[in-house]
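Colleague: In numbering that gives the first Met the number 0, the protein residues as written are 0 to 123.
Beta carbons: idealized from backbone N, C-alpha and C, even for Gly.
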Amino acid sequence: MSEWGSPGPTYDALAHLQTTITALHQSIEPAAIRSNLLEVFIAVNHAFYGGEWWHDLGVEYQAWEEMDAHPDAAEWFIAARDAIVATAYELCMQAESWAEYDWKAARDDAVGRLVWVSATARTG
Numbered sequence: 000m001s002e003w004g005s006p007g008p009t010y011d012a013l014a015h016l017q018t019t020i021t022a023l024h025q026s027i028e029p030a031a032i033r034s035n036l037l038e039v040f041i042a043v044n045h046a047f048y049g050g051e052w053w054h055d056l057g058v059e060y061q062a063w064e065e066m067d068a069h070p071d072a073a074e075w076f077i078a079a080r081d082a083i084v085a086t087a088y089e090l091c092m093q094a095e096s097w098a099e100y101d102w103k104a105a106r107d108d109a110v111g112r113l114v115w116v117s118a119t120a121r122t123g
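As structure tokens, this is what we get:
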């Protein structure tokens, strides 16, 4: 967990985030996609906000949590998964460079992009 003025997210937090993204990427069933997406959001929150939910990320988490993961919507869930996975991997790559400077603005911008892509995928 990072504090302002300290180095960026820890290696362990980023490794865990990458693991959750990989699990999401490998998901095929809508229920598994939704479940693993929620795990990605939890890992993002932990890595970048230390457990206190960033408002927009928390709202997006709740929206996905309440969504019906109906098996007939598999194609839609897979398309949403692919868009979110690409953005989440990009977030991880950016975070690796957030070492010794005030990374708050970069973090919020990158997580904001993830939330935007997720919301766009979710709402069609």
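Around the C-beta of W63, are 16 or more other C-beta atoms found within 10 angstroms, so that it is buried, or is it exposed?
Modeller: If you number the sequence shown from 1, residue 63 lands on position 64. So W63 counts as buried.
Colleague: Under 6 Å Cβ to Cβ from D55, same chain only, skipping five residues before and after it: list those, please.
Modeller: The residue given as residue 55 occupies position 56 in the sequence shown. Excluding residues within five positions, the ones whose Cβ falls inside 6 Å are V114.
Colleague: Are A120 and A85 close, meaning C-beta to C-beta below 8 Å?
Modeller: Along the sequence shown, read from residue 1 onward, the residue named residue 120 stands at position 121. Along the sequence shown, read from residue 1 onward, the residue named residue 85 stands at position 86. No, Cβ-Cβ distance for A120 and A85 is not below 8 Å.
Colleague: So R112 and A68 are supposed to be a Cβ contact under 8 Å. How far apart are they, rounded?
Modeller: Locating residue 112 in the sequence shown gives position 113, where the first residue counts as 1. Locating residue 68 in the sequence shown gives position 69, where the first residue counts as 1. Incorrect: roughly 24 Å between the Cβ atoms, too far for contact.
Colleague: If you count every other CB in all the chains shown that lies within 10 Å of the CB of S117, and 16 or more means buried, which is it?
Modeller: On the sequence shown, position 118 is the one that residue 117 refers to. Flag for S117 reads buried.
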